[in-house]
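The opening residue of the sequence shown carries number 930 in the working numbering; numbering runs sequentially from there.
Built from N, CA and C at the ideal position, the CB exists for glycine as well.
All remarks here apply to the structure that follows.
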Amino acid sequence: MDHLTIWHLVALALGTAILTSAILGGVGAWIYVHRIRPEKARLEEKIAHLGGELEDSIERGIRRGVRKAVAELPQNAARQTTQSVTRMGADLVERGLSSLIERPVRQRKDAE
930 MDHLTIWHLV ALALGTAILT SAILGGVGAW IYVHRIRPEK ARLEEKIAHL
980 GGELEDSIER GIRRGVRKAV AELPQNAARQ TTQSVTRMGA DLVERGLSSL
1030 IERPVRQRKD AE
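In structure tokens form, the structure reads like this:
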């Protein structure tokens, strides 16, 4: 070892590091191309297929739930809900317009 200078040792260490990195990179690339990529493609295809089935199932469930809720909703409750939503919408529009023209908002007698 006496005949090796510090520069020889540095060059040897760098060469070893580069060679190790190249070998590991090559092995990693081979594993990715031959093992991981095909498995990834297979799983993505399976997820896409299951996603379509899940979407259809969710859509059917939502439609069934909405139909059931509407069928069970009493007529009086629907009327009250419609009136409340209409009143709230009118109040929001009035407040928005009042803020545009900087006029104070009227207070309703039945406001809670």
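DSSP-derived helix/strand/coil call for Pro967: helix
Own chain residues within Cβ distance below 8 Å of Arg964, not counting five before or after: If we look at Arg964 and ignore the five residues flanking it on each side, it has no Cβ neighbours.
Give the DSSP-derived three-state secondary structure of His932 in the structure shown. coil
Roughly how many angstroms separate the alpha carbons of Trp936 and Leu943, rounded to a whole number? If you take the alpha carbons of Trp936 and Leu943, they lie about 10 Å apart.
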